[in-house]
Every structure is written in C-alpha cells, then in structure tokens.
Amino acid sequence: MGIPLIWVYQQAYQAYGHRFWWPARTPFEVVVGAVLTQNVLWERVERAIALLEDAGWLEPGRLAHATPDELRPHLQPVGYYSRKAPLLREIARWYLDHRHRIPQPSWRGELLNIHGVGPETADSILLYAFHLPVFVVDAYTRRILSRVYGVPGPWDAPYDRLRGWIEQRLPRDVALYQDFHAQLVEVGKRSCKRRRPRCSQCPLRSVCAYALRDGKAFAPAGEDPPRRSRPREGPGKAVPRAIAR
Ligand code: SF4
Numbered sequence: 000m001g002i003p004l005i006w007v008y009q010q011a012y013q014a015y016g017h018r019f020w021w022p023a024r025t026p027f028e029v030v031v032g033a034v035l036t037q038n039v040l041w042e043r044v045e046r047a048i049a050l051l052e053d054a055g056w057l058e059p060g061r062l063a064h065a066t067p068d069e070l071r072p073h074l075q076p077v078g079y080y081s082r083k084a085p086l087l088r089e090i091a092r093w094y095l096d097h098r099h100r101i102p103q104p105s106w107r108g109e110l111l112n113i114h115g116v117g118p119e120t121a122d123s124i125l126l127y128a129f130h131l132p133v134f135v136v137d138a139y140t141r142r143i144l145s146r147v148y149g150v151p152g153p154w155d156a157p158y159d160r161l162r163g164w165i166e167q168r169l170p171r172d173v174a175l176y177q178d179f180h181a182q183l184v185e186v187g188k189r190s191c192k193r194r195r196p197r198c199s200q201c202p203l204r205s206v207c208a209y210a211l212r213d214g215k216a217f218a219p220a221g222e223d224p225p226r227r228s229r230p231r232e233g234p235g236k237a238v239p240r241a242i243a244r
C-alpha cells in the first residue's frame, strides 16, 4: 500500500528532530502520566503530576496505599477523580510487583485486566516505561495515517488490528516506536487538525494522499517521495521532560 511507513516517520523526524518521549523523569512517572492523560490534555496532566509530586505521591509504595480522598485535591486538574484515584492505586500496586522484573509481552494482558486500563494506556506503559516493542495507537495515529494513505485501510478498525498493521510495516525497534508515536502526536498538534488540517506547514505534505489528491499519485518505493505543488485544505498532548533510558 503506497509509500513505506518509515518514510512518514522520516519526514516528521527531519522536521521536528527526535522528540525524546515519553515526557517524564522516571518510569513510574510514565505510568502515572499514562493513566492521568486519559481524556485529558497533557497540560492538565503536568499540573496534576506536579501536585502529586509536591505531596510525595509519586512514590509507588506510597501511592499504592493512598485513599481516594487523599488523592482528590491533587487530581483536580485532570478531573475524573472517582475513576482515576482508585486506578492510580491499582496501577501503583501492579508497578510495585513488576518494576524489578524482566519485562514480558504477557504484561499487556495483565494491564488490560486492571479496570480502567485500555490498550492505549497499557501500550504507553509498556513502550515508554518498560521499553517493550508495542506501537501506541491514538486518535492522531488514525487521523494522520488515514489521510496520508488516503485509501481504505484499518483506520477505523479495532485498536489491535491497526497496531498490528503498523508493526508489520516497521522494523521491530523500541526507539523507533517511541519516537514515531511522538512524531505523530506532534504532527497532529501542529498541523493535522481534525477539521482544518494545515497541510501547507505539515512535514508530511509531500507523502500525504490528502494533500496530494489533486496532484500526482505516490512514487514507487525506492524513489523520492512526490513533491506537492499546492496544498489543499479540507475536513480534519505538551511535550515535557525526557525520561532517562
Ligand atoms: S499533509 Fe495535511 S492531511 Fe496530510 S498529515 Fe499533514 S496536515 Fe494531515
């Protein structure tokens, strides 16, 4: 199907450079951030993490025994307190039980068995906190790839089908998965808006079917990506600190 997926990554990388994701200082902060960011802008997550840290709750041993009422004031920026407070406690317990073990693919099933953890949260934890090769799919991934490829594909398919489609087309490389997801988030935030994509300023415009649809078709694999003469307008998380690997 069309251009190699790695080209999409390369175009964004050349524009934005390495994104140094996930934005956190410790693996446990990745875990907490992955839970807090559900349905919430990253700016709010940063504020909640700062509150939790100031109060000493970013210690997994302490968070594992927190009561919802103790966490409530620190979760005010992200809302969903009644759901996220118990989930933080559960995920802290899971983390305590796993943090010194060799990461295993089977952990995905364990995480998904925790009430409130979906595939995007589980894969974010596995990829960025434990460096397992699983690609994180989010709304930006679906929107951008559907526009870039511009043909029927797994864009609206269940999470795992699209994740498999992506992983089959990339080298199995943790660092690539980490940075590619971050690049897609950056493209989505800056250019690939839901209603009015800003194709003229997007680093993917030369390989994107949406931007090229009144121009030429894709170049065959091995040739340079096609150049776009005139971008076309139509229908359509902050990046904090880098985690030490
Ligand atoms: S070129 Fe336009 S449609 Fe394609 S990914 Fe960029 S912003 Fe989205």
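Under numbering that gives the first Met the number 0, residues 0 to 244 are what the sequence shown spells out, in order. Where a beta carbon is used, it is the ideal one built from N, C-alpha and C, also for glycine.
Residue i: CB within 6 Å of a non-hydrogen atom of ligand 1
i: residue 11; result: no
i: residue 79; result: no
Anticipated Cβ contact below 8 Å, residue i with residue j, distance rounded
i: residue 246; j: residue 47; result: Residue 246 falls outside the range modelled here, since the chain spans only 0 to 244, and no answer is possible.
i: residue 134; j: residue 180; result: 7 Å
i: residue 65; j: residue 147; result: Actually they are not in contact, since the Cβ atoms of residue 65 and residue 147 sit about 43 Å apart, beyond 8 Å.
i: residue 6; j: residue 150; result: At roughly 16 Å, the Cβ-Cβ gap does not stay under 8 Å, so residue 6 and residue 150 are not in contact.
i: residue 120; j: residue 34; result: 6 Å
i: residue 104; j: residue 159; result: In fact, because the Cβ distance is near 13 Å, the residues do not count as touching under 8 Å.
i: residue 106; j: residue 97; result: 7 Å
i: residue 165; j: residue 4; result: 7 Å
i: residue 13; j: residue 202; result: 7 Å
i: residue 80; j: residue 71; result: 5 Å
i: residue 178; j: residue 17; result: 6 Å
Selected residue, minimal CA-CA separation from residue i, among the options
i: residue 30; options: 88, 43, 4 and 17; result: 88
i: residue 131; options: 102, 73 and 159; result: 102
i: residue 54; options: 122, 23 and 73; result: 73
i: residue 19; options: 127, 35 and 5; result: 127
i: residue 1; options: 163, 199, 168 and 173; result: 168
i: residue 141; options: 121, 186, 112 and 204; result: 186
i: residue 42; options: 94, 78 and 134; result: 78
i: residue 95; options: 107, 104, 59 and 71; result: 59
i: residue 200; options: 4, 83, 10 and 5; result: 10
i: residue 8; options: 176, 189, 190 and 210; result: 176
i: residue 190; options: 70, 139 and 172; result: 139
i: residue 49; options: 64, 63, 38 and 23; result: 23
i: residue 184; options: 151, 15 and 173; result: 15
i: residue 37; options: 164, 63 and 82; result: 82
i: residue 26; options: 204, 123, 71 and 107; result: 123
i: residue 143; options: 70, 35, 198 and 105; result: 198
i: residue 161; options: 182, 145 and 171; result: 145
i: residue 111; options: 52, 57, 152 and 125; result: 125
i: residue 156; options: 172, 137, 174 and 173; result: 137
i: residue 52; options: 28, 63 and 67; result: 28
Which residues have a Cβ closer than 7 Å to any heavy atom of ligand 1, listed in chain order?
143, 146, 147, 186, 190, 191, 196, 197, 198, 201, 203, 204, 207, 209, 210 and 230
Starting from the N-terminal side, write out each stretch of the beta strand (DSSP E) that is 3 residues or longer and does not extend beyond the segment 122–198.
Positions of the beta strand (DSSP E) runs, each at least 3 residues long and wholly inside the segment 122–198, cannot be given because no such run exists.
Every unbroken alpha helix (DSSP H) within the segment 19–98, with a cutoff of 4 residues, ordered by chain:
26–35, 41–53, 59–62, 67–70 and 80–97
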